[in-house]
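*Asks:* Residues 3 to 62 (my numbering) are what the sequence shown spells out, left to right.
Think of the CB as a built atom: it goes at the ideal place given N, C-alpha and C, for glycine as much as any other residue.
Keep in mind that this is a model prediction, so the values were computed, not measured.
Handing you a structure now.
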Amino acid sequence: MNIEVLILHYIQEKRQKPNHADDLLDYIQNEYVNGKLSILQYRSLCQDLYLRGAKQTSPG
């Protein structure tokens, strides 16, 4: 999966465009936890999102 496909999945599920790379990062973290992304997909997408300015949020 690439960023463009990720954005399409996000829009389909959330019914809105992501406002920031952080929105996509939260989305893929949830998808990974729920078993919808492999570790390789997750790590690749994380790397791309960090390059696009995403910041990891602290849990809580």
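1) Please return the same chain residues whose Cβ sits closer than 6 Å to the Cβ of residue 5, not counting the five positions on each side in sequence.
2) Measuring straight from C-alpha to C-alpha, what distance separates residue 31 and residue 44?
3) With DSSP run on the structure shown, which of helix, strand or coil describes residue 23?
4) Residue 34 and residue 12 - do their beta-carbons sit closer together than 8 Å?
5) How big is the Cα-Cα spacing for residue 36 and residue 55?
*Replies:* If we stick to the structure as given:
1) Here residue 5 refers to the residue found at position 3 when the sequence shown is read from its first residue. Only 50 meet the Cβ criterion.
2) As a first step, residue 31 must be located in the sequence shown, where it is residue number 29. As a first step, residue 44 must be located in the sequence shown, where it is residue number 42. Their backbone Cα atoms lie some 8 Å apart in a straight line.
3) Stepping through the sequence shown from its first residue, residue 23 is reached at position 21. Of the three classes helix, strand and coil, the one that applies to residue 23 here is helix, per DSSP.
4) For this step, residue 12 is matched to residue 10 along the sequence shown. For this step, residue 34 is matched to residue 32 along the sequence shown. Not closer than 8 Å, so no.
5) Position 34 of the sequence shown, counted from the start, is the residue given in the question as residue 36. Position 53 of the sequence shown, counted from the start, is the residue given in the question as residue 55. Residue 36 and residue 55: Cα-Cα distance of roughly 24 Å.
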